[in-house]
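All letters in the sequence shown, in the order written, are residues 5 to 447 by the numbering used here.
C-beta atoms are modelled at their ideal positions from N, C-alpha and C, and glycine is treated no differently.
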Amino acid sequence: MDKKELFDRIKADGVKFVSYQFSDVTGKVKSVDAPVERLAEALEDGIWFDGSSVEGFTRIQESDMHLTVDIDSYAVLPWTPADHKRARFFCDIFTPEGEPFDGDPRGLLKKWVKKLDEKGWIYNVGPEPEFFLFLQNDHIHPVPHDVGGYFDFSSNDSAAQVRAELVEALNSMGLEVEVAHHEVALGQHEIDFRFADALKTADNVLTLKYTVKAIAAQHGLVASFMPKPIFGINGSGMHCHQSIFDKNGKNLFFDAKDEFHLSKLAYGFIAGQLKHAKALTAIVAPTVNSYKRLVPGYEAPVYIGWAQINRSALIRIPRYTVGKDKAMRAELRFPDPSSNPYLAFSAMIAAALDGIDNNLTPSKPLNNVNIYDLSREERITRGIESLPGSLKDALAELAADEVVKNSIGSKLYSAFYRAKEEEWEDYRIHVTDWEVENYLMGA
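Following this line, the structure appears as structure tokens:
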């Protein structure tokens, strides 16, 4: 889209304000807002902002930062009122000297996308973000908005009405929603949008999250992407369907002669992500709460392995349908929606490339095996390892894995690790309701 087309669209859309958006290291969306009349200046000169208080931009010499607008990320925020209609752009962060800021998560992913582009490859991701809708209360003890279950339908289902409004809003913002439905748990939902290259998909994940929250709030609801908000029921994941295409649209994962219709490149991709799975966990499941989801019994992966169809495996290969070569993909099942998609996709690419570049071969597929039902001894015999059981353990794995550690660069790694160490320490010293219930009278 060129500038003339952009300004024509803005005029037709009745935009009054513009939100220039970027991400901090944890994936929170930050914004610098301005009247639409300043857009031409912003496109020409960028937008200056003080980054000294943004997570990951901590040094005083990083206080003056510069946003460069990605013109193709233009979208109207459909929930904003007509007389204050707001549009958004995603931006890249630069230093005052005009160099890409190495603490910019979006800029990091662009570097990995460029590296793949130099190979003639496009890394596609199709995420399945899950979330809960809760009634507004004290936010401490969440109450699900409905009592539906997996794929439930009701003609009077207000949650379905909210989902319909969400789908309409997301489509208007360019996400191409493919399906929306009720998930397993009470009040839990999933909205899947069409796969795209990693950068566009990461932008779309952030767009979906703040759109869901904004529209839910207009209905008096609280939307949460917390991985495990309620004990004893399924948590929310963000399974990521991955493939590599060439620039002619050929799926490089597909090989008609292979037993599982997977190419050598696909096997290397899978092997790399399995090899680095423990370290990846810190980035794709980055909160203390993430590890309350990654436990047996709730359809979340816990053990490191791959399989065709098997949903207890860390990586699942959906069954091939004749004539659907482009649908061949590897589903990574342990990411959750609390992750920063720019960091997550960067680390996922790096792990996969390590497997491809070094001709790694994955272990035998765990087909027709429910890994949850295996005893510890059976898992050891089969060589099946477990994911880290806590954020603390995951951070230790990350620190020891040079491939994943280096995938996000020294500045982002330091900022991310520091933020997560602080999160773990804050969690460690807090007294929980469970502790009070079990020890107040019994200790």
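Query, Result
"Identify, in the order they occur along the chain, each residue of the same chain with its Cβ nearer than 8 Å to the Cβ of residue 440, setting aside the five sequence neighbours on each side.", "none"
"Is residue 272 close to chain B? Criterion is C-beta to C-beta, closer than 8 Å.", "Of the protein chains in this structure there is only one, and it is not chain B."
"Hey, could you find the ends of the alpha helix (DSSP H) residue 83 is sitting in?", "That residue, residue 83, is in no alpha helix (DSSP H); it is neither H nor E in DSSP."
"Grouping DSSP H, G and I as helix and E and B as strand, with all else coil, what is residue 99?", "coil"
"Opposite residue 315 in the DSSP bridges: which residues?", "Beta-bridge pairing links residue 315 to no other residue."
"Rounding to the nearest angstrom, what Cα-Cα distance links residue 394 and residue 104 in this structure?", "34 Å"
"Less than 8 Å separating the beta-carbons of residue 337 and residue 319?", "yes"
"Around the Cβ of residue 232, are there at least 16 other Cβ atoms within 10 angstroms (buried) or fewer (exposed)?", "buried"
"Who does residue 72 pair with in a DSSP beta bridge?", "96"
"Taking 8 Å as the cut-off, decide whether the C-beta atoms of residue 2 and residue 50 are in contact.", "Within the shown structure, residues of the chain are numbered from 5 to 447, placing residue 2 beyond reach of any answer."
"Taking C-beta to C-beta, are residue 98 and residue 74 nearer than 8 Å?", "no"
"Alpha helix (DSSP H) containing residue 351: first to last residue?", "345-361"
"Give the C-beta separation of residue 80 and residue 37 to the nearest angstrom, bearing in mind that I take them to be a contact with Cβ-Cβ under 8 Å.", "Actually they do not touch by this definition, with Cβ atoms about 14 Å apart."
"Residue 192 lies in the beta strand (DSSP E); which residues open and close that run?", "192-197"
"Can you tell me whether DSSP reads residue 155 as helix, strand or coil?", "With a pLDDT of only 46 at residue 155, under the threshold of 50, the placement of this residue in the model should not be trusted, and no figure is reported."
"Which class does residue 335 belong to by DSSP, given the choice of helix, strand or coil?", "strand"
"If residue 280 sits next to residue 403, beta carbons under 8 Å apart, how far is it from one beta carbon to the other, in whole angstroms?", "Not a contact, Cβ separation roughly 13 Å."
"Name the one or two DSSP bridge partners that residue 128 has.", "201, 247"
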